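Report on the following structure.
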Amino acid sequence: MKNDTTFKELKKSGYTDKTISQEIQANLIAKIKAKEPVFEGLWGYEDSVVPQLKKAILAGHHINLLGLRGQAKTRIARSIVNLLDEYMPIVKGSEINDSPFQPISKFARDLIAELGDETPISWVHRSNRFFEKLATPDVNVADLIGDIDPIKAATLKLPYSDERVLHYGMIPRANRSIFVLNELPDLQARIQVSLFNILQEGDIQIRGFQLRMPLDIQFVFTANPEDYTNRGSIVTPLKDRIGSQIFTHYPKTIALAKQITEQEAQVSAEDKAQIQIPDLAKNLLEEVAFAARDSEYVDAKSGVSARLTISAMENLVAAAKLRLIETGTDKTTVRLLDFISIIPSITGKIELVYEGEQEGADYVAKILIDKAVMIQFESIFPRISKLEKEGIKTPYTDLIKWFNKNHLELNYTDTDEEFYNKFNSIAPLTTVVEENASEFSKEDKNFCKELVLWALTISKKLDKSENSATYTFDSADVRQLFRN
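If you're matching positions, the sequence shown starts at 1 in full-length UniProt numbering and goes up one per residue.
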């Protein structure tokens, strides 16, 4: 916290007054030259969004971030605050962060006229120079721009024609700061119109007051393209005044998606120490989101938020944690069986098309998990043939034969030792895994054993039944005969 000073001391210190655009540009250039990270934690945007963002800042533009939900639009907007100077001097007591070099409010102008170089100066930290507003249909001009305050007028015994009776809205209070307006299309068209002059000419009008207030604000807007058809639109003259429109996107690879999930998921250090998550399980989790984005049941225009995998990871860890509590053990490993626990994360994060609604959210969630399982399986193991010629042996023939005479019963509450000993008793399963995943870690090999059985059931080579907390795997042929 910097101590208050006077205008005279501020000038003596050599401080140079800058616009917010010049300030952000100077700090961006300094970071780039020093090869320091500029926008940290924005995985997958290094070669797309970040370069465009840098160019927009260097151009001195207001910015509109356009993208589907869960694409870090708000995080990007908030990260720009790190490009501000740590402290900024203002005329002490000013409501709108008046610069002593260029005061714009009557309060600051009168104070400087009265005290001159002895005008008190206070400092504002950059964390207090970030203003954010969610655009909702009930937002009005008074919220954003301001209004006449009758109580202030009565208290100070001033007529309504006096500038001092004005109550400033969020935008004037964000002078010399960053103002983020989220979900811009949700703002009523008549409210969007009130932003025209602020963006272009810098003057505002409050209840007939024509105030020439050259506000110095860096505007960042966020919008979802779905909003243009479903909930509203950005009026054309407003779009015309926004210098740069930058499109965001979902992570393009599993590796990037994993980095985002690990960064954002709320998993305690204690849980990380007690719960082992195989790398294949992390990959499978991300594959579910990728499958959802390509699914015919999911509305592609709505998008599948990165929050899906973040929430799913937390549910996955919670399932393993519950097992620790119920079994009284110290450590456990996430299993493919635990993926049933992520269904609530999926159903709450996807918008279904008509066909998906007909099938039901739970069914679609299970379909997505199955699809992800098959993609993961086929990246490691040979494909399972739908039709097999009699007498020709496949990599899975011995394993399927084993289930003709045996069955496997798995329980959510089995300890790790009990759970994996059941797999180890199936020699053909161990053979399949060792032949195709010999260099994998022990945890990944164990996960592969589940993966193989799950893939065989999806391909209808084995049968899987669920009863309470128990899964039973047996021969599809034997089960069919039993049903007949």
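Backbone N, C-alpha and C define an ideal beta-carbon position, used for all residues, glycine too.
Computed from a predicted model, the values in this text were never measured in an experiment.
For residue i, count neighbouring Cβ atoms within 10 angstroms of its own Cβ and tell me buried if that reaches 16, exposed if not.
i, result
"Q266", "exposed"
"A437", "buried"
"G67", "buried"
"R323", "buried"
"L337", "buried"
"F125", "Reading the sequence as shown, one finds His at residue 125 and not Phe. With fewer than 16 Cβ atoms within 10 Å of its Cβ, H125 is classed as exposed."
"Y45", "buried"
"Y412", "buried"
"L158", "exposed"
"A306", "buried"
"G93", "exposed"
"E418", "exposed"
"I392", "exposed"
"Q71", "buried"
Closer than 8 Å by C-beta to residue i: which residues in its own chain qualify, once you throw out the five before and the five after it? Chain order, please.
i, result
"L144", "K133, G169, M170, I171, I191, S194, L195"
"I32", "V38, K54"
"I24", "I57, I80, L83, L84, Q218"
"A26", "K18"
"E326", "T413"
Once you ignore the five residues that flank residue i on each side, which residues in its own chain have a CB closer than 7 Å to its CB?
i, result
"P103", "V91, R109, I112"
"K73", "L65, G67, T222, T248"
"I277", "V334"
"K8", "D117, E118"
"M374", "A455, I458"
"A142", "G169"
Quick check on DSSP: helix, strand or coil for residue i?
i, result
"R483", "For R483, the predicted model reports a pLDDT of 46, less than 50, meaning its position is unreliable; a value from the coordinates is still stated below. Helix, per DSSP."
"L84", "coil"
"T327", "helix"
"G146", "strand"
"D110", "helix"
"residue 514", "The structure shown does not extend to residue 514, since the chain spans only 1 to 484, so no value can be given for it."
"D370", "helix"
"D17", "coil"
"Y471", "strand"
"Q276", "strand"
"T248", "coil"
"P137", "coil"
"I121", "strand"
Does the distance from the C-beta atom of residue i to that of residue j stay below 9 Å?
i, j, result
"L58", "T248", "no"
"M431", "D398", "For the sequence presented, residue 431 should be read as Thr rather than Met. Yes, these two residues count as a Cβ contact at 9 Å."
"T261", "L238", "no"
"L408", "K422", "yes"
"A319", "L368", "no"
"S244", "R176", "no"
"G360", "S311", "no"
"W43", "P251", "yes"
"R173", "F131", "yes"
Can you list, in chain order, the residues of its chain whose CB lies under 6 Å from that of residue i, leaving out five sequence neighbours each side?
i, result
"N446", "Y420"
"L28", "I57, L83"
"K11", "none"
"C448", "V433, A437"
"R129", "L84, S177"
Using a C-beta cutoff of 9 Å, does residue i count as contacting chain C?
i, result
"A72", "The structure shown contains no chain C; it holds only a single protein chain."
Task: Completely contained beta strand (DSSP E) runs for the UniProt domain "Sigma-54 factor interaction" (167–224), where each covers 3 or more residues - done: 177–182, 204–206, 209–211, 217–223
TODO: Scan the region 28–112 and note each continuous alpha helix (DSSP H) run of 4 residues or more that stays entirely inside, going in chain order.
DONE: 49–58, 73–79
Open item on the list: Ignoring anything shorter than 4 residues, give me the alpha helix (DSSP H) runs that lie fully in the region 381–444, in order along the chain.
Closed with: 397–405, 416–424, 427–436
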